[in-house]
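Student: Take a look at the following structure, please.
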Amino acid sequence: MNSHDQLEHIALLAEVDDLTEQLKDWVDHPPRWRPAHRARALVKRLLDRIHTLRFRLETPLVVATFGGTGTGKSTLVNALVGSEVSTAGRQRPTTTRPVLLIHPEVDADSLGLDLSEFQVRQVDAPVLRDIVLIDCPDPDTSETALAGSNLAILRSIVPHCDVLIYTSTQQKYRNACVIDELSDVASGCRLVFVQTHADMDSDIRDDWKKVLSAKYDVPDMFFVDSHRAFKEQQINHRPSGDFGRLLDLLSSQLGVARRVEIRRANLIDLLQEALEICERDYDARLGAVNKLSVALEEQRHRIRSTLSQQLGDELLSNRTLWERRLLSAITDMWGFSPFSTVLRLYNGLGALIASFTFFRARTSAQMALIGAVQGARWLKARAEEKEADTVLERLSTFGISDAQLQESRMVISGHLRAAEIDSDVADRKRDLADLRRQAASLEGEFLGDASRIVDESIEELAAASGEPTLRIRYEAAFLLYVLFVLGRIGHNFFWSSFLSPVLGFRDQAEPLLSIDFYIPALIFLVIWSGMLIAVFTWQLRQGLTDRVRSLAQTMAESRLVHGLFPAVEETCQQIAVDHEQLKGLLERTTTFRRRIADPTAGFLGGRR
Numbered sequence: 001m002n003s004h005d006q007l008e009h010i011a012l013l014a015e016v017d018d019l020t021e022q023l024k025d026w027v028d029h030p031p032r033w034r035p036a037h038r039a040r041a042l043v044k045r046l047l048d049r050i051h052t053l054r055f056r057l058e059t060p061l062v063v064a065t066f067g068g069t070g071t072g073k074s075t076l077v078n079a080l081v082g083s084e085v086s087t088a089g090r091q092r093p094t095t096t097r098p099v100l101l102i103h104p105e106v107d108a109d110s111l112g113l114d115l116s117e118f119q120v121r122q123v124d125a126p127v128l129r130d131i132v133l134i135d136c137p138d139p140d141t142s143e144t145a146l147a148g149s150n151l152a153i154l155r156s157i158v159p160h161c162d163v164l165i166y167t168s169t170q171q172k173y174r175n176a177c178v179i180d181e182l183s184d185v186a187s188g189c190r191l192v193f194v195q196t197h198a199d200m201d202s203d204i205r206d207d208w209k210k211v212l213s214a215k216y217d218v219p220d221m222f223f224v225d226s227h228r229a230f231k232e233q234q235i236n237h238r239p240s241g242d243f244g245r246l247l248d249l250l251s252s253q254l255g256v257a258r259r260v261e262i263r264r265a266n267l268i269d270l271l272q273e274a275l276e277i278c279e280r281d282y283d284a285r286l287g288a289v290n291k292l293s294v295a296l297e298e299q300r301h302r303i304r305s306t307l308s309q310q311l312g313d314e315l316l317s318n319r320t321l322w323e324r325r326l327l328s329a330i331t332d333m334w335g336f337s338p339f340s341t342v343l344r345l346y347n348g349l350g351a352l353i354a355s356f357t358f359f360r361a362r363t364s365a366q367m368a369l370i371g372a373v374q375g376a377r378w379l380k381a382r383a384e385e386k387e388a389d390t391v392l393e394r395l396s397t398f399g400i401s402d403a404q405l406q407e408s409r410m411v412i413s414g415h416l417r418a419a420e421i422d423s424d425v426a427d428r429k430r431d432l433a434d435l436r437r438q439a440a441s442l443e444g445e446f447l448g449d450a451s452r453i454v455d456e457s458i459e460e461l462a463a464a465s466g467e468p469t470l471r472i473r474y475e476a477a478f479l480l481y482v483l484f485v486l487g488r489i490g491h492n493f494f495w496s497s498f499l500s501p502v503l504g505f506r507d508q509a510e511p512l513l514s515i516d517f518y519i520p521a522l523i524f525l526v527i528w529s530g531m532l533i534a535v536f537t538w539q540l541r542q543g544l545t546d547r548v549r550s551l552a553q554t555m556a557e558s559r560l561v562h563g564l565f566p567a568v569e570e571t572c573q574q575i576a577v578d579h580e581q582l583k584g585l586l587e588r589t590t591t592f593r594r595r596i597a598d599p600t601a602g603f604l605g606g607r608r
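Residue numbers (my numbering): 1 to 608.
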């Protein structure tokens, strides 16, 4: 291995380490969701294998046989080592306990296998210098993986294997039981496909390859006569044909230089399949979580609508007081002007009219009585204004009813069970008292300093209504009538009744305008002022109503971040983030698998 290869090898190991750390971090931070716990249990077991990989880098590759009864696994093993080390039989299963074949120079304890489960035999064969061979039991002689059955033994062995020699015959290559079992155990292993019984069967490799190609990469297949090869080995002749190629693959191409690449590729294959299993499990159950999220959003929307409607109605119930405040703010901004004076008179009209009652008093007792009545009216007005200020602070008027809480609890509980959210999250929502406390918290969060916000909105409306163009329009409209009346009076006083006769423009002076002019002029002034005030206050009222509704909606959207079930909402968000992390891990693992697929391409197969 040159320096470039060494650096590339170190870089790949570093990437494996980085991927491992990312997986560990993902495993250590699960959401409270049962599918997430299952996924992490699976990945955690694979991470343990990554940990043991470094300790097995220098040990020979573990190669095991796999195939149905009578496919010649034991005969193939005997031919590979050149001696009869495993009992062979074509009709009934003869290997009931796995046979472990190792070279005398190999330390069996370093393999990480439970040697008590094997028949361990040391054989000084060239093929065993870089690999160890395991002759496994048949997978199709047991219906279930009961303890001690061939299937259970096989499944306990395969996780320790690096390469599987999959044997089949003309009669067995379509065996559904064997193919299904291969799909269960092939993850994390490289595959070598061998058709045996070449002395009796026809070559079915092309058809066999079509059967396997949907799920497996099949770069090569071997068609061997194990009996002939065994005899050639006995007389120290190198086997010819496909058996010679198979022997060369096991002896040369699975040597020391390939150990790390093969084991690394096996491990990434296993990780990819595990993450794909997790992804499928997530996809199958995320629908229920999404339905739960939709239900939570509907509940949150209902709460927002309820509270914003109640706030809007409460504010609008005191609209007269808010209008009075708004008019006061506008007149303060405008200062002294003709129309602002009219607005001040209108705003204080009630007090002005009430003050005229003092003129009806004839005695000091009547004056005192009228003063008491006016004082009571003033106190009542102040109380109403104070009530408008403090009503926003009374949470009881914004209560979410128990009926709404019960309905929300029942709806969310059903979705929680379907979504498989952990019970500790679901149990928190079963107590109605907890929901009441959460509802009160939401109300407080919603209202907050609503009074200050209303005051700010009034100031903003006052500033908008106090724009120079708007003020000029109303001042001009009001002064237009005032100037007309003043002009009419001035023309009569100065010209018609005085200057015109003096200057000879008329023979007789007109009489001064009588009360018959001033009373209608005053009435029309009041009417004109009332019309302008009505239009102006109508605009203010429309703007105030729209602003109140907008204010209530804005407060609901900006402040009610959570609903009645914040823990459940947080869990749903964590599940969504966790799913994105899982997809990212799967994408990275898949990309990494493609990068490292080349070292074994061309002579070893594997899962697609």
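Cβ atoms here follow ideal geometry from the backbone N, Cα and C, with glycine treated the same way.
Note that the structure is a prediction, hence the values are computed from the model and not measured.
Please look up how many angstroms separate the CB atoms of D609 and H227, rounded, as I've assumed it's under 8 Å.
Tutor: There is simply no residue 609 to check, as the chain begins at 1 and stops at 608 in what is shown.
Student: How is V192 classed by DSSP in three states: helix, strand or coil?
Tutor: Along the sequence shown, one-based indexing puts residue 192 at 192. Strand.
Student: Which residues bound the alpha helix (DSSP H) around I102?
Tutor: Working through the sequence shown from its first residue, we reach residue 102 at position 102. Run containing I102: none in the alpha helix (DSSP H); it sits in the beta strand (DSSP E), V99 to I102.
Student: Would you kindly work out how many angstroms separate the C-alpha atoms of A388 and P35, rounded to a whole number?
Tutor: Translated into positions along the sequence shown, residue 388 becomes position 388. Translated into positions along the sequence shown, residue 35 becomes position 35. Any reading at A388 needs caution, since the residue's pLDDT is 46, under 50, leaving its predicted position unreliable; the model's value is listed next. Near 53 Å, if we compare the C-alpha coordinates of P35 and A388.
Student: According to the neighbour-count rule (16 or more other Cβ atoms, all chains shown, within 10 Å of its Cβ), is W538 buried or exposed?
Tutor: Taking the first residue of the sequence shown as position 1, residue 538 is located at position 538. Exposed, because fewer than 16 other Cβ atoms sit within 10 Å of the Cβ of W538.
Student: Under the three-state reduction of DSSP, which class applies to M200: helix, strand or coil?
Tutor: In the sequence shown, counting from the first residue as 1, residue 200 sits at position 200. In this structure, M200 counts as coil in the three-state DSSP scheme.
Student: Quick one: residues in its chain with C-beta nearer than 6 Å to the C-beta of P613, no 5 flanking neighbours on either side, listed in chain order?
Tutor: Missing from the structure shown is residue 613; the chain here goes from 1 to 608 and no further.
Student: Taking 8 Å as the cut-off, does the segment 202-220 touch the segment 72-91 (at least 3 CB pairs, one atom from each stretch)?
Tutor: Output reads no: the segment 202-220 does not touch the segment 72-91.
Student: Rounded to whole angstroms, what is the Cα-Cα separation between D269 and E276?
Tutor: Residue numbering aside, residue 269 sits at position 269 when the sequence shown is read from its first letter. Residue numbering aside, residue 276 sits at position 276 when the sequence shown is read from its first letter. D269 and E276: Cα-Cα distance of roughly 10 Å.
Student: Using the Cα positions of W208 and V132, report the straight-line distance between them to the nearest angstrom.
Tutor: As a working mapping, residue 208 is identified with position 208 in the sequence shown. As a working mapping, residue 132 is identified with position 132 in the sequence shown. Roughly 27 Å between the two C-alpha positions.
Student: Short check: CB of S156 to CB of G67, under 8 Å?
Tutor: By 1-based counting over the sequence shown, the position of residue 156 is 156. By 1-based counting over the sequence shown, the position of residue 67 is 67. No.
Student: Report all residues from its chain with a CB closer than 8 Å to the CB of I262; omit the five preceding and five following residues, and keep chain order.
Tutor: The residue you call residue 262 lines up with position 262 of the sequence shown. Excluding sequence neighbours, I262 sits near L61, D162, V163, R190, L254, P599, T600 and L604.
Student: Would you check if there are 3 or more beta carbon pairs closer than 8 Å linking the segment 333-340 to the segment 468-486?
Tutor: Short answer: they touch.
Student: Give the secondary structure of A64 by DSSP, where H, G and I count as helix, E and B as strand, and everything else as coil.
Tutor: To locate residue 64, count along the sequence shown from 1; it is residue 64. A64: strand per DSSP, three-state reduction.
Student: Which residues does DSSP pair with R607 in a beta bridge?
Tutor: Along the sequence shown, one-based indexing puts residue 607 at 607. Looking at the DSSP assignment, R607 forms a beta bridge with Y216.
Student: Does the contact criterion of 3 or more C-beta pairs under 8 Å hold for the segment 9-28 versus the segment 565-575?
Tutor: At 8 Å Cβ cutoff, the stretches do not touch.
Student: Mapping DSSP to helix, strand and coil, what is Y173?
Tutor: Residue mapping note: residue 173 aligns to position 173 of the sequence shown, counting from 1. Three-state DSSP puts Y173 in coil, outside helix and strand.
Student: Have a look at G543 and I515 and give me their C-alpha separation to the nearest angstrom.
Tutor: Residue numbering aside, residue 543 sits at position 543 when the sequence shown is read from its first letter. Residue numbering aside, residue 515 sits at position 515 when the sequence shown is read from its first letter. Roughly 41 Å between the two C-alpha positions.
Student: Mapping the DSSP letters down to three states, classify T87 as helix, strand or coil.
Tutor: Within the sequence shown, residue 87 is the residue found at index 87, counting from 1. Three-state result, T87: coil.
Student: Is the distance from the Cβ of V63 to the Cβ of I153 below 8 Å?
Tutor: For this step, residue 63 is matched to residue 63 along the sequence shown. For this step, residue 153 is matched to residue 153 along the sequence shown. The answer is no: Cβ separation not under 8 Å.
Student: Identify which residue in L247, L512 and L19 has its Cα closest to the Cα of F493.
Tutor: For the purposes of this step, residue 493 is identified with residue 493 of the sequence shown, where counting begins at 1. The shortest C-alpha separation from F493 is found at L512.
Student: For L46, which of S74, F118 and S187 has the nearest alpha-carbon?
Tutor: Working through the sequence shown from its first residue, we reach residue 46 at position 46. Comparing Cα-Cα distances from L46 to each of S74, F118 and S187, the minimum goes to S187.
Student: In the DSSP output, which residue or residues are listed as bridge partners for Q122?
Tutor: For this step, residue 122 is matched to residue 122 along the sequence shown. Q122 pairs with I102.
Student: Return the residue from the list S496, N78, D242 and A521 that minimises the CA-CA distance to Q234.
Tutor: As a working note, residue 234 is residue 234 in the sequence shown. Considering only alpha carbons, the answer is N78.
Student: By the three-class DSSP mapping on this structure, what secondary structure does V16 have?
Tutor: The sequence position of residue 16 within the sequence shown is 16, counting from 1. If DSSP states are grouped into helix, strand and coil, V16 belongs with the helices.
Student: Within a Cβ cutoff of 6 Å, which residues of the same chain sit near S500, ignoring the five residues on either side of it in sequence?
Tutor: Translated into the one-based positions of the sequence shown, residue 500 becomes position 500. Within the same chain, S500 has close Cβ partners R506.
Student: Using alpha carbons as the reference points, say which of L151, R205, T71 and L416 lies closest to D180.
Tutor: As a first step, residue 180 is located in the sequence shown; it is residue number 180 there, counting from the start. Ranking the options by Cα distance to D180, first place goes to L151.
Student: For Y282, which residues does DSSP report across the bridge?
Tutor: On the sequence shown, residue 282 is found 282 positions in, with the first residue counted as 1. None, per the DSSP bridge assignment.
Student: Quick check on this structure: which residue in P30, F230, I50 and V43 has the alpha carbon closest to the alpha carbon of E15?
Tutor: Residue 15 sits at position 15 when you count from the first residue of the sequence shown. Ranking the options by Cα distance to E15, first place goes to I50.
Student: With 16 other CB atoms within 10 Å as the buried threshold, where does R488 fall?
Tutor: Numbered from its first residue, the sequence shown carries residue 488 at position 488. Looking at its Cβ environment, which holds fewer than 16 other Cβ atoms inside 10 Å, R488 is exposed.
Student: Counting C-beta neighbours from all protein chains within 10 Å, is the total for I10 16 or more, i.e. buried, or is it exposed?
Tutor: Within the sequence shown, the letter at position 10 stands for residue 10. Flag for I10 reads exposed.
Student: Just grab the DSSP bridge partners of M221 for me.
Tutor: Counted from its first residue, the sequence shown places residue 221 at position 221. Looking at the DSSP assignment, M221 forms a beta bridge with F193.
Student: So is K73 buried or exposed if we call it buried at 16+ other beta carbons inside 10 Å?
Tutor: Along the sequence shown, read from residue 1 onward, the residue named residue 73 stands at position 73. Classification for K73: buried.
Student: Check whether the Cβ atoms of L19 and R588 lie closer than 8 Å to each other.
Tutor: For the purposes of this step, residue 19 is taken as residue 19 along the sequence shown, with counting starting at 1. For the purposes of this step, residue 588 is taken as residue 588 along the sequence shown, with counting starting at 1. Closer than 8 Å, so yes.
Student: Cα-Cα, which of D17, Q119, L111 and L115 is closest to V99?
Tutor: As a first step, residue 99 is located in the sequence shown; it is residue number 99 there, counting from the start. Answer by Cα proximity: Q119.
Student: Since L80 is in the alpha helix (DSSP H), which residue starts that stretch and which ends it?
Tutor: Residue mapping note: residue 80 aligns to position 80 of the sequence shown, counting from 1. That run of the alpha helix (DSSP H) goes K73 to V81.
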